[in-house]
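Numbering-wise (UniProt numbering), the sequence shown opens with residue 1 and increments by one.
Idealized CB from N, CA, C, for every residue including glycine.
Read through the structure below, which is laid out as structure tokens, and then see the notes.
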Amino acid sequence: MSLLGPVEIRNLAEKLDIRPTKKLGQNFVIDGGTVRRIVRVAGLRPDDVVIEVGPGLGSLTLALLPEVRAVVAVEIDPVLAAQLPLTVAERAPEFADRLTVVLADAMRVLPDDLPQEKPTALVANLPYNVSVPVVLHLLETLPSLRTILVMVQSEVADRLAAGPGSKVYGIPSVKAAWYADVRRAGPVGRTVFWPIPNVDSGLVAMTRREPPSTRAAREDVFAVVDAAFAQRRKTLRAALASWAGTAAAAEQALRAAGIDPSERGEQLTVEDFARIAENRA
Numbered sequence: 001m002s003l004l005g006p007v008e009i010r011n012l013a014e015k016l017d018i019r020p021t022k023k024l025g026q027n028f029v030i031d032g033g034t035v036r037r038i039v040r041v042a043g044l045r046p047d048d049v050v051i052e053v054g055p056g057l058g059s060l061t062l063a064l065l066p067e068v069r070a071v072v073a074v075e076i077d078p079v080l081a082a083q084l085p086l087t088v089a090e091r092a093p094e095f096a097d098r099l100t101v102v103l104a105d106a107m108r109v110l111p112d113d114l115p116q117e118k119p120t121a122l123v124a125n126l127p128y129n130v131s132v133p134v135v136l137h138l139l140e141t142l143p144s145l146r147t148i149l150v151m152v153q154s155e156v157a158d159r160l161a162a163g164p165g166s167k168v169y170g171i172p173s174v175k176a177a178w179y180a181d182v183r184r185a186g187p188v189g190r191t192v193f194w195p196i197p198n199v200d201s202g203l204v205a206m207t208r209r210e211p212p213s214t215r216a217a218r219e220d221v222f223a224v225v226d227a228a229f230a231q232r233r234k235t236l237r238a239a240l241a242s243w244a245g246t247a248a249a250a251e252q253a254l255r256a257a258g259i260d261p262s263e264r265g266e267q268l269t270v271e272d273f274a275r276i277a278e279n280r281a
């Protein structure tokens with residue numbers, strides 16, 4: 001099996017009349033060392049079923065196939081979705097039966113859209129413009145996911161992995177923490193992409209864990225998170241006033257949860273937000 005090199009990727013794109021678009025957030029990885037590194041850092045097992053979002057021309061797909069039992073590639077572009085099995089059949093025929101291509105929008109894909117064998121890992125070079133919604137959607141709808149390794153814009157990686165007290169800690173940080181332990185897994189240079197983006201990239205690793213023990217539903221906890229960070233400069237008493245009905249009701253819920261009403265959202269853990277949701281009057 002041979003991976004796609006930079007010249008081959010450009011030639012294939014030209015043959016398909018594919019021009020990477022900002023609308024779809026397309027930046028194709030053209031460096032073989034980078035895709036091998038992603039597979040290595042992902043810590044995959046031979047029995048894993050990987051879901052790959054936005055496989056593009058197949059650079060990462062080809063590196064994944066020899067390492068796992070199956071790869072489910074979710075691609076929104078019909079031309080790319082049709083080409084991927086052909087590329088794999090040509091360059092890695094011995095692994096072609098491990099690939100399933102699903103023509104779908106990853107932000108709307110549901111378990112019934114996927115093969116019967118559910119994914120245990122998400123490994124992807126995610127489109128920059130939808131990376132956080134895609135990750136949160138798949139964590140919610142695919143409880144079978146055990147591990148995640150995604151390449152995203154560097155500042156998005158910082159936000160996803162941030163902890164309480166950080167300047168970039170916010171909604172993505174808290175919601176990701178509901179599902180998983182999250183960490184930065186290394187930087188990625190700009191020159192490994194075609195076209196070269198004008199931002200840096202980074203790897204984010206997630207390991208699924210049980211959500212916080214709470215009587216509150218996830219949707220109710222996330223509503224508190226959204227309200228707290230919608231006006232992040234305000235105290236929680238003020239920021240949660242509309243969520244609770246009044247500022248006084250917000251203060252009552254906060255005190256019942258053991259939270260100082262003068263705190264701000266960036267100081268709280270996901271468990272703190274869950275306790276606030278539990279104590280809404």
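Helix, strand or coil for residue i per DSSP?
i	result
residue 38	helix
residue 44	coil
residue 198	coil
residue 168	coil
residue 237	helix
residue 255	helix
residue 73	strand
residue 281	coil
residue 136	helix
Going by beta carbon distance, what residues of the same chain come within less than 6 Å of residue i, once the five residues before and after it are set aside?
i	result
residue 274	212, 214, 216, 221
residue 231	239
residue 269	164
residue 4	59
Enumerate in chain order the residues of its own chain whose CB-to-CB distance from residue i is below 7 Å, with the five nearest sequence positions on each side excluded.
i	result
residue 117	49, 70
residue 185	41, 149, 203, 204, 205
residue 83	16
residue 119	49, 50, 51, 72, 142, 144, 145
With respect to the alpha helix (DSSP H) encompassing residue i, which residues constitute its N-terminal and C-terminal limits?
i	result
residue 218	218-230
residue 9	6-16
residue 120	That residue, residue 120, is in no alpha helix (DSSP H); it is neither H nor E in DSSP.
residue 90	78-91
residue 61	59-64
Note the first and the last residue of the continuous beta strand (DSSP E) segment covering residue i.
i	result
residue 181	180-188
residue 52	49-53
Roughly how many angstroms separate the alpha carbons of residue i and residue j, rounded to a whole number?
i	j	result
residue 131	residue 138	11 Å
residue 12	residue 55	14 Å
residue 200	residue 75	23 Å
residue 175	residue 136	7 Å
Grab me the residues of residue i's own chain with a C-beta within less than 8 Å of its C-beta, minus the 5 sequence neighbours each way, in chain order.
i	result
residue 259	236, 268, 272, 275, 276
Quickly, what does DSSP pair residue i with across the bridge? List them, please.
i	result
residue 153	201
residue 147	121, 207
residue 28	194
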